[in-house]
Amino acid sequence: MSDSTSAHLTAQSTLPPAIQGWKLYLADQGNSVHTVKAFVHDLELLAAFLSPTRTLGSITTADLNHFLNWLQKGRGVPCSPKTLARRITSLKSFFRWLHQHAVLPMNPAEKLVQHSVLSPLPVVLTPQEVDLVMEVCQKHRRAKKPDARYFALFYLLISSGIKKTECLALNLNHLDLDPSNPYLFVRYPNPQYRYKERKISLPKDWLEGFEEYRHQYNIYDRVFPWSQRRLEYLLEDLSQEAGLEKHISFDMCRWTCALLDLQSGMEKNAIRQKLGLSKVQWREIGMKLDQLAESLLNR
252 MSDSTSAHLT AQSTLPPAIQ GWKLYLADQG NSVHTVKAFV HDLELLAAFL SPTRTLGSIT
312 TADLNHFLNW LQKGRGVPCS PKTLARRITS LKSFFRWLHQ HAVLPMNPAE KLVQHSVLSP
372 LPVVLTPQEV DLVMEVCQKH RRAKKPDARY FALFYLLISS GIKKTECLAL NLNHLDLDPS
432 NPYLFVRYPN PQYRYKERKI SLPKDWLEGF EEYRHQYNIY DRVFPWSQRR LEYLLEDLSQ
492 EAGLEKHISF DMCRWTCALL DLQSGMEKNA IRQKLGLSKV QWREIGMKLD QLAESLLNR
């Protein structure tokens with residue numbers, strides 16, 4: 252077996268040592284402490300539900316369905332649809348890991364029905380609201396004491412769709428400022444997230460404002476050398492100055508960018524790649540974008 256965390260396990264092993272091995276595996280894969288804790292807790296519930304002597308190889312799909320039914324109706328503790336969906340994901344991930352590393356010849360969780368839960372539609376900016384905010388950005392650029400920071404930040408977010416963490420990690424060497432074809436590289440130091448790395452075209456009219464901002468703030472390394480909170484305050488300033496009831500955020504800019512791209516006719520796969528999403532992540536995101544576009548048409 253290539254994975255040392257499963258090397259000591261067999262079909263005759265019980266759940267507790269397998270859960271411990273899976274916990275180490277999840278941590279090795281770079282998952283957050285909170286994700287590992289939640290997934291492990293889900294499997295510990297399964298261990299408590301089944302007999303402590305049950306072996307991994309004796310667990311069937313029927314056992315897992317009985318467990319899920321118990322979570323919903325027999326445990327006496329509320330289990331929200333979102334929590335249930337995560338617990339099904341935990342079971343599928345755990346038993347897939349055992350099967351992939353030849354601990355189990357069959358995966359009993361493979362045929363479990365996943366209960367997808369769509370969270371509420373995100374709040375986005377309309378094209379008219381984007382124009383209002385851009386007017387505020389331009390006002391700051393042309394002020395008696397010019398400040399192009401608002402323009403550089405907001406226009407970049409609304410046109411690239413990068414996440415907050417990606418924006419904070421952006422360095423000058425991630426930008427190609429060729430006037431004929433400007434773009435940025437989104438890079439990740441952790442090899443686990445290499446699939447998120449991508450090249451995103453930038454608007455040519457962003458360059459002039461960015462150069463102004465660069466000289467005004469002596470930018471030589473990080474593109475936005477401020478804290479997350481400070482940048483969030485800048486976006487909130489724009490909300491207030493544009494007279495919006497909405498509170499502009501990094502996430503709102505990301506969704507707005509994706510929606511504007513969809514409405515402009517960009518292919519969905521190109522939007523997915525621009526956002527750095529896997530095909531699995533795109534299932535829900537793509538559905539929400541379609542719903543957002545439809546809701547705006549029906550207003």
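In terms of this note's numbering, the numbers along the sequence shown are unbroken and rise by one, the last being 550.
Glycine included, C-beta positions come from ideal geometry on N, C-alpha and C.
| Item | Value |
| --- | --- |
| Per the DSSP calculation, valine 437 is bridged to which residue(s)? | Arg449 |
| Could you tell me which of Phe405, Tyr276, Thr334, Val287 sits nearest to valine 384, measuring between CA atoms? | Phe405 |
| Does DSSP classify threonine 304 as helix, strand or coil? | coil |
| If you follow the alpha helix (DSSP H) that cysteine 396 is in, where does it begin and where does it stop? | Residue 396 is actually lysine in this sequence, not cysteine. Element bounds for lysine 396: n/a, residue is neither H nor E. |
| How about glycine 537 and lysine 519: are their beta carbons less than 7 Å apart? | yes |
| If you draw a straight line from the C-alpha of leucine 342 to the C-alpha of cysteine 508, how long is it? | 35 Å |
| Would a C-beta distance cut-off of 7 Å place valine 354 and tryptophan 506 closer than the cut-off? | no |
| On the DSSP letters alone, give me the boundaries of the alpha helix (DSSP H) that asparagine 316 sits inside. | 312-320 |
| Hey, out of Glu463, Pro371, His350, Arg480, whose CA is closest to leucine 543's CA? | Pro371 |
| DSSP beta-bridge partners for arginine 426? | What sits at residue 426 in the sequence shown is leucine, not arginine. Bridge partners of leucine 426: Leu435. |
| Write down the C-beta distance between valine 291 and isoleucine 270 rounded to the nearest angstrom, noting that I regard them as a contact closer than 8 Å. | 6 Å |
| For leucine 266, which of Lys288, Pro303, Arg438 has the nearest alpha-carbon? | Pro303 |
| With respect to the alpha helix (DSSP H) encompassing histidine 466, which residues constitute its N-terminal and C-terminal limits? | 457-467 |
| Could you check what DSSP says for arginine 505 in three-state terms: helix, strand or coil? | helix |
| Could you please give me the residues that DSSP links to arginine 473 through a beta bridge? | Asn422 |
| For isoleucine 310, which of Ser331, Met357, Asp472 has the nearest alpha-carbon? | Met357 |
| Between serine 452 and tyrosine 434, is the Cβ-Cβ spacing less than 7 Å? | yes |
| Can you tell me the Cα-Cα spacing of leucine 510 and arginine 534, whole angstroms? | 15 Å |
| Any idea if tyrosine 276 is buried or exposed, counting beta-carbon neighbours within 10 angstroms, 16 or more meaning buried? | buried |
| Please say whether glycine 308 and alanine 262 have beta carbons closer to each other than 7 Å? | yes |
| If you follow the alpha helix (DSSP H) that proline 332 is in, where does it begin and where does it stop? | 332-351 |
| Compare the beta carbon distance of tyrosine 439 and lysine 447 with 7 Å and say whether it is the shorter of the two. | yes |
| Here's the rule I'm using: 16 or more other beta-carbon atoms within 10 Å means buried, otherwise exposed. How should serine 478 be labelled? | exposed |
| Do you know how far the Cα of lysine 414 is from the Cα of alanine 420? | 10 Å |
| Give the DSSP bridge partners of threonine 265, in chain order. | Thr306 |
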